[in-house]
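Before any comments, here is the structure.
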Amino acid sequence: MTGPEVDLPEGSEDALRGSTARVVERLGCQIVAGGKPRDHHLTVDAVTHEFEVTRPMAREALQTLHQKGLVNLQPRIGATVQALERWDLLDPDVIAWRLEVAPDSQMRSLTELREVIEPRAARLAALSRSAEICHDLTSHARTLLALSEDPDFAQPRKGAAIRQRFRDVDAAFHRTLLAGSRNELFVRLSYPVVMALNHRIDRDWAGAHQEAVITPTRAVVGADTVQSYPTRPEPIAMWLHMGLAYAIDQGLATAAEAFAEALLAEIRSGRLHDPGVRDRLRAGLDLFNTNGLPPAHRAGFEEAMAGLFHARRAPVVVMGVSGCGKSTVGRYLAESLRVPFEEGDSFHPRRNVQSMENRTPLDDRSRSPWLAAIAGRMRAAGAEEGLVITCSALRRIYRELLRVARPDAVFVHLTIDRDTATSRVQGRKSHFMPASLVSSQFEDLEPLEDDEAGMTVDATQPVERIVAEVQTELVRRTRGH
2 MTGPEVDLPE GSEDALRGST ARVVERLGCQ IVAGGKPRDH HLTVDAVTHE
52 FEVTRPMARE ALQTLHQKGL VNLQPRIGAT VQALERWDLL DPDVIAWRLE
102 VAPDSQMRSL TELREVIEPR AARLAALSRS AEICHDLTSH ARTLLALSED
152 PDFAQPRKGA AIRQRFRDVD AAFHRTLLAG SRNELFVRLS YPVVMALNHR
202 IDRDWAGAHQ EAVITPTRAV VGADTVQSYP TRPEPIAMWL HMGLAYAIDQ
252 GLATAAEAFA EALLAEIRSG RLHDPGVRDR LRAGLDLFNT NGLPPAHRAG
302 FEEAMAGLFH ARRAPVVVMG VSGCGKSTVG RYLAESLRVP FEEGDSFHPR
352 RNVQSMENRT PLDDRSRSPW LAAIAGRMRA AGAEEGLVIT CSALRRIYRE
402 LLRVARPDAV FVHLTIDRDT ATSRVQGRKS HFMPASLVSS QFEDLEPLED
452 DEAGMTVDAT QPVERIVAEV QTELVRRTRG H
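Shown next, in the form of structure tokens:
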């Protein structure tokens, strides 16, 4: 359009609605973001001029926002932007705009809503025990587990259809759960619940990115943080879905409520280890009949529940020369494993940093206090807490010092050639390690030997692929023990 007075051709009602919808979205986002603050006055003429639309479009847009509570529209006065408490906070558009503008706070609110209604819905669903609901929930739970275990799940392109199917089935599972409560208000809340599920997945799945463009997720920032979605769904989450579905199928209200609570606790940093959550889940498991599960899933379920209550999480040391991507992979891996992350370089004493800034390679003596500090952090990590920490760990003797602190430590060696490492370090900003010292690291490097607990991974792969390989290996080691 070229100006506010341009009229749409006759018969263009679809175009009119489309243009109006765009104005509603843009104006709604401005209000949610604070660009149009509380008590800001909006007139039809102002909207017409700002968005270059016709007066009927501007008027319809303001009427739509009035219905959503974002503005108060009065004859001869115009529209006045309303305070947040006047907004229709369960309106799908308002939720979407808030997720766009302030995703963390909106996700926190939506998760808190889920924590209130889903355990209660699970209890009610178990009490009513509808045959149709039980059939659908158990079917969805089995499908989620199968999809999550598909070998191609984490592949950026090859697994796209699998991830999309997983997303759809997960949404259907939670809609069915709320429908099973037979509470019409819970059913009405299905949409914000599904929006919370989908936003977390769509925002965080590494597989949603192009293969050559990887955006690492942020590291764990504290207890009760709503965690980013891992590269591959956590097995314990899939088994909690299974337990929830079959507890409802068995008519076990207390167990169903406990499984639903634990399932929501799993997405919060540290909350699944909360004593109250664990006690309620343990009590629910005492009531649960494992023989009610399909035979093919009984052993896996029992193993997962046993692992939840008796798990020891070995610290993971991401090692390798400078430029191999230790920090990027370490942060991503910690987020996927739901464990704390520590940057090994932060443990260097100031004199070490100064030496490297002056292009002086570190020797065994200068590395000693640094390795001792890292060992201390590894020793402090609780058996259930877990830890991912970066450390070049170039020589076997350095790794032995760390193993003294935690004999169960697993080392992930990110391998890379000298030229690529040098190029990467040259491209880094605000880091004390100069590219001139990369060669000295290759000279010191002693790769992992066969008798060392660890694995070697090609550091030139996409980050999510590296993390998927490491997760698979950690699961194999856990089952092996």
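Read left to right, the sequence shown gives residues 2 to 482 (the working numbering). Yeah, the Cβ is synthetic: ideal placement off N, Cα and C, and Gly gets one too. Predicted model, so just to flag it, every value in this text is computed and none were measured.
Min CB distance residue i to chain C below 8 Å
{"i": "L395", "result": "Although the question refers to chain C, the structure presented lacks it and comprises just one protein chain."}
For residue i: DSSP bridge partner residues
{"i": "D80", "result": "Asp is not the amino acid found at residue 80; the sequence shown has Ala there. Bridge partners of A80: L43, L74."}
{"i": "H414", "result": "M320, T457"}
{"i": "F342", "result": "V389"}
Bounding residues of the alpha helix (DSSP H) (the contiguous stretch that carries residue i)
{"i": "G330", "result": "In the sequence as presented, Gly is not what sits at residue 330; that position holds Val. Run containing V330: 327 to 338, per the alpha helix (DSSP H) assignment."}
{"i": "V188", "result": "185 to 189"}
{"i": "Q107", "result": "104 to 129"}
{"i": "V54", "result": "Premise fails: V54 is in no alpha helix (DSSP H) and is neither H nor E."}
{"i": "D365", "result": "365 to 381"}
{"i": "S182", "result": "S182 -> no alpha helix (DSSP H), and no H or E assigned at all."}
{"i": "E86", "result": "No alpha helix (DSSP H) contains E86, which DSSP labels as neither H nor E."}
{"i": "R404", "result": "397 to 406"}
{"i": "Q442", "result": "439 to 445"}
{"i": "S356", "result": "351 to 358"}
{"i": "H242", "result": "236 to 250"}
{"i": "D287", "result": "276 to 288"}
Exposure label - residue i; buried when at least 16 CB within 10 Å
{"i": "T50", "result": "It should be noted that the sequence gives His, not Thr, for residue 50. By the neighbour-count rule (16 or more Cβ atoms within 10 Å), H50 is not buried but exposed."}
{"i": "A84", "result": "exposed"}
{"i": "T21", "result": "buried"}
{"i": "R233", "result": "buried"}
{"i": "R366", "result": "exposed"}
{"i": "Q68", "result": "exposed"}
{"i": "V468", "result": "buried"}
{"i": "I78", "result": "exposed"}
{"i": "V54", "result": "buried"}
{"i": "Q427", "result": "exposed"}
{"i": "H414", "result": "buried"}
{"i": "G36", "result": "exposed"}
{"i": "E358", "result": "exposed"}
{"i": "F167", "result": "buried"}
Boundaries of the beta strand (DSSP E) in which residue i is found, first to last residue
{"i": "D459", "result": "455 to 459"}
{"i": "V389", "result": "389 to 391"}
Any non-hydrogen atom of the ligand HEM within 7 Å of residue i CB
{"i": "A122", "result": "Looking for the ligand HEM in the displayed structure turns up nothing, as the structure carries no ligands at all."}
Are at least three pairs of beta-carbons, each pair with one atom in the region 285 to 302 and one in the region 237 to 253, less than 8 Å apart? yes
For the structure I just gave you, are there three or more beta carbon pairs, one from the region 58 to 76 and one from the region 101 to 116, closer than 8 Å? no
Only counting runs of 3 or more residues, tell me where the beta strand (DSSP E) segments fall wholly within the region 130 to 156, in order along the chain. none
Given 8 Å, three or more beta-carbon pairs between the region 142 to 154 and the region 188 to 207: no
Inter-stretch contact at 8 Å, needing at least 3 Cβ pairs: the region 248 to 257 / the region 267 to 278: no
Any chance the region 344 to 356 sits against the region 406 to 416, with 3 or more Cβ pairs inside 8 Å? no
Quick test of the definition: if touching needs 3 or more C-beta pairs under 8 Å, does the region 57 to 65 touch the region 23 to 36? yes
With three or more C-beta pairs closer than 8 Å as the rule, is the region 126 to 141 touching the region 172 to 185? yes
Counting Cβ pairs closer than 8 Å, one from the region 332 to 345 and one from the region 468 to 477, do we hit at least three? yes
The region 154 to 170 in contact with the region 455 to 466 per 3-pair CB rule at 8 Å: yes
Is it the case that the region 442 to 454 contacts the region 309 to 329, given that we only count it when at least three CB pairs across the two stretches are under 8 Å? yes
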